[in-house]
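Chemist: Sending over a structure as structure tokens; questions will come in a sec.
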Amino acid sequence: MQIQQLLKEGTPKRELATALHQRLIELHKALQVDAERTLDSWREGIYRQEFRSSAENLALYLALRNIDLTAEQQALSVLGLSSLGRSESHVLATLSAVTSLLEAALDGGLANTAIDDCFSISRQRIEQRRDEIFGLDPRGNSTRIQVTLPSEAAENHRLVEDLIRAGAASVRINCAHDGPDAWSLMIDHTKAAAKLAGRRVSIMMDLAGPKVRTLSLHVPPNMLTREKKKKLKKRRKAGADPSSASALLKLGDHIVLCESLDPTSEFVNVTLSHPQLLDQLQTGSMVWFDDGKIGAIVESITDRSAILEISKVPLKGARLKPEKGINLPGVPLSIPALCQKDLADLDFAIGRVDIIGFSFVQTTQDVRDLQSAISERLPQGGQMPALVLKIETDLALHNLPRLIVQAGGSMPVAVMIARGDLAVEIGLERLSEIQEEILWLCEAAEIPVIWATQVLEGLAKHGFASRAEMTDAAMGQRAECVMLNKGPHAVEAVSFLAHILLRMDRHQLKKTPRLAPLRAWRDPFGL
């Protein structure tokens, strides 16, 4: 009987092991025959004797990867045996070792218990929760695509239709932009486009949260060019707020974080959206502006202000403007995750959308506060929306298991790896490791993950994707959802991402290789 047919709940393990053992013996023989044919065409070009064994193993690997081994991989996992997915440098040795283990298990009287259904049920749970939260993919990809709607989507219903037709299974409305009138139109257009496409498209409203931002700036005259001075003068005559100016900062420049702007100061003055954070700064602390584009060290602290020296910035400098995010790694931010605007936005969202994105969540109390706020606004008999925990800070990362349990105990939950803020908070060098750990933790909790921040950013905004962006997008396939930001080329980015995910689906399921056949080295012409 075929291995795939035996991979079902209730099949005796001994029956599966016997069939798999026979299959591996046949596979061993077939590989050697196939590899020998390949070696015959290579031998006359191999002059270095020490390379011969390497060529033989390569021929064996090509023969192995010419076969679809998805079922065999799953059977080995069910029986608790080693995977063939790590056999690259020792194909026959791995195959022999696994075959020997099966022989030993059978000779030792492998208990004839039935296959435990937990192997399939756990994966089914994650997939079911993925579909409930993020909808279905039109191509059958295992990873869903969520796209952020721009302001234009409120007026242009065809843009929403194009995004969904290109492969978006979910849309994101960012509450930091636009307002209820525009949001209503975006929701209407999404539902109409989903009906036209014949499938459900989930809608997420992403609460802005109490993000710490630059509020206003004073730029001293000595830092302004003649042209900038003229523009500022015109702005003042027109009644514009002079504190909305921007400052070009270079390495070694100084800025002052303060409660109120000092127009006589020789340094750039910056006020904060949360001035109470000035009390939490310490000499030597690092402060990052604009998603990590500008870094500064706290040099000294005075009464209700702090002087910072710019220590990380591009060679040509970078402009600091009002309404840009601030990160203070290592500084405990005692700010409630829900602000008044968030509560007002919940008034609009509850009953209209499927998912609430929770920005700046850090503690279980934050989750309880949001759950209470949602319950208060939920119509009689209404269904709780899903909750996306956006992991943006070191504290949120530390508390992640508790956050998942608190949220998942009463509502559908997913986790967003918000890699922009998180990278600034924990350090860029830790991000690759931490995003892997979050994927593993969420798989253990059987909840879906969103891979977010700057995915195919160049393509969405400028029409060109870098090689690094394409690799990053492919890595995102291991999550249940990938989020794209808005941009003039967003439709193209959605379509491009859908094709990347489809290709990667053949080879990877979470962190497990499927061992589907390799296609790149099939050469029918023998050239």
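Numbering-wise, the sequence shown is residues 284 to 810 according to our numbering.
All C-beta atoms in this analysis are idealised placements derived from N, C-alpha and C, irrespective of residue type, glycine included.
Quick caveat: nothing in here was measured; it's all calculated off a predicted structure.
Which residue from A477, P558, A656, K604 puts its Cα closest to that of R441?
Modeler: Relative to R441, the option among A477, P558, A656, K604 whose CA is nearest is A477.
Chemist: Where does the unbroken beta strand (DSSP E) through K259 begin, and where does it stop?
Modeler: Residue 259 lies beyond the residue range present for the chain, which begins at 284 and ends at 810; the question has no answer from this structure.
Chemist: Determine whether the beta carbon atoms of V636 and L672 lie at a separation below 8 Å.
Modeler: For V636 and L672, no; Cβs fall outside 8 Å.
Chemist: Which residue or residues does DSSP assign as beta-bridge partners of F643?
Modeler: Answer is none; F643 lacks a bridge partner.
Chemist: Kindly give me the distance between the Cβ atoms of L362 and A300, rounded to whole angstroms, as I take these residues to be in contact under 8 Å.
Modeler: 6 Å
Chemist: Taking buried to mean at least 16 other C-beta atoms within 10 Å of its own C-beta, is Q411 buried or exposed?
Modeler: Exposure of Q411 is indicated by the presence of fewer than 16 other C-beta atoms within 10 angstroms of its C-beta.
Chemist: DSSP state of M488, grouped into three classes?
Modeler: It is a strand residue.
Chemist: Which ranges does the alpha helix (DSSP H) cover as unbroken runs of at least 4 residues, wholly within the segment 442–494, from first to last along the chain?
Modeler: 463–480
Chemist: What is the DSSP secondary structure of T377, reduced to helix, strand or coil?
Modeler: helix
Chemist: Taking N439 as the reference, give the member of E371, A465, A451 with the closest Cα.
Modeler: A465
Chemist: Count the other C-beta atoms from every protein chain shown that fall within 10 angstroms of the C-beta of K291, then say buried if there are 16 or more, exposed otherwise.
Modeler: exposed
Chemist: If you follow the beta strand (DSSP E) that M753 is part of, which residue opens it and which one closes it?
Modeler: First-last for M753: 750–758, but that is the alpha helix (DSSP H), not the beta strand (DSSP E).
Chemist: Nearest by alpha-carbon distance to S434: which of P295, A459, L345, P558 is it?
Modeler: A459
Chemist: Counting along the chain, where does the alpha helix (DSSP H) carrying N340 start and finish?
Modeler: 335–347
Chemist: Return helix, strand or coil for W571, following the three-state DSSP convention.
Modeler: DSSP, reduced to helix, strand and coil, places W571 within a strand of the structure shown.
Chemist: Rounded to whole angstroms, what is the Cα-Cα separation between K533 and P619?
Modeler: Looking at the two C-alpha atoms, the distance is approximately 34 Å.
Chemist: Applying the 10 Å Cβ sphere with the 16-neighbour rule, what's the burial state of P493?
Modeler: Classification of P493: buried, given that the 10 Å Cβ count is 16 or more.
Chemist: Would you give the residue range spanned by the alpha helix (DSSP H) that E592 belongs to?
Modeler: Taken as a continuous stretch (DSSP letters only), E592 belongs to no alpha helix (DSSP H), being part of the beta strand (DSSP E) at 588–595.
Chemist: To the nearest angstrom, how far is the alpha carbon of H311 from that of L378?
Modeler: 7 Å
Chemist: Can you name, in chain order, every residue of its own chain whose Cβ lies under 6 Å from the Cβ of A776, other than the five neighbours on each side?
Modeler: Excluding residues within five positions, the ones whose Cβ falls inside 6 Å are L739, L742, A743, L767.
Chemist: Tell me the rounded alpha-carbon separation between D536 and R805.
Modeler: Approximately 58 Å, taken between the alpha carbons.
Chemist: Check whether the Cβ atoms of T426 and Q760 sit closer than 8 Å, and answer yes or no.
Modeler: yes
Chemist: If you measure between the beta carbons of V430 and A773, is that distance less than 8 Å?
Modeler: yes
Chemist: Just the Cα atoms here: how many angstroms apart are V765 and I486?
Modeler: 14 Å
Chemist: Apply the 10 Å Cβ neighbour rule to E763 and answer buried if 16 or more other Cβ atoms are within range, or exposed otherwise.
Modeler: Buried.
Chemist: Taking one C-beta from the segment 543–557 and one from the segment 674–685 each time, how about it: are there three or more such pairs within less than 8 Å?
Modeler: Between the segment 543–557 and the segment 674–685, the count of C-beta pairs closer than 8 Å stays below three; the two stretches do not touch.
Chemist: For a quick check, are the C-beta atoms of L314 and A302 less than 8 Å apart?
Modeler: no
Chemist: Rounded to the nearest angstrom, what separates E592 and A491 at their Cα positions?
Modeler: 29 Å
Chemist: Look up M699 in the DSSP assignment and say whether it is helix, strand or coil.
Modeler: strand
Chemist: Helix, strand or coil for S383? Go by DSSP, reduced to three states.
Modeler: helix
Chemist: What does W723 pair with, by DSSP beta-bridge criteria?
Modeler: W723 pairs with nothing; no bridge assigned.
Chemist: Should A358 be listed as close to the ligand ADP, given that the test is whether its C-beta is under 7 Å from any heavy atom?
Modeler: In terms of ligand content, the structure shown is empty, and the ligand ADP therefore cannot be addressed.
Chemist: What did DSSP end up calling A579 once you bin it into helix, strand or coil?
Modeler: strand
Chemist: E606 to D630, Cα distance in whole Å?
Modeler: Whole-angstrom Cα-Cα distance: 25 Å.
Chemist: Where do the N-terminal and C-terminal ends of the alpha helix (DSSP H) with H557 fall, by residue?
Modeler: Run containing H557: none; DSSP gives neither H nor E here.
Chemist: According to DSSP, is A358 helix, strand or coil?
Modeler: helix
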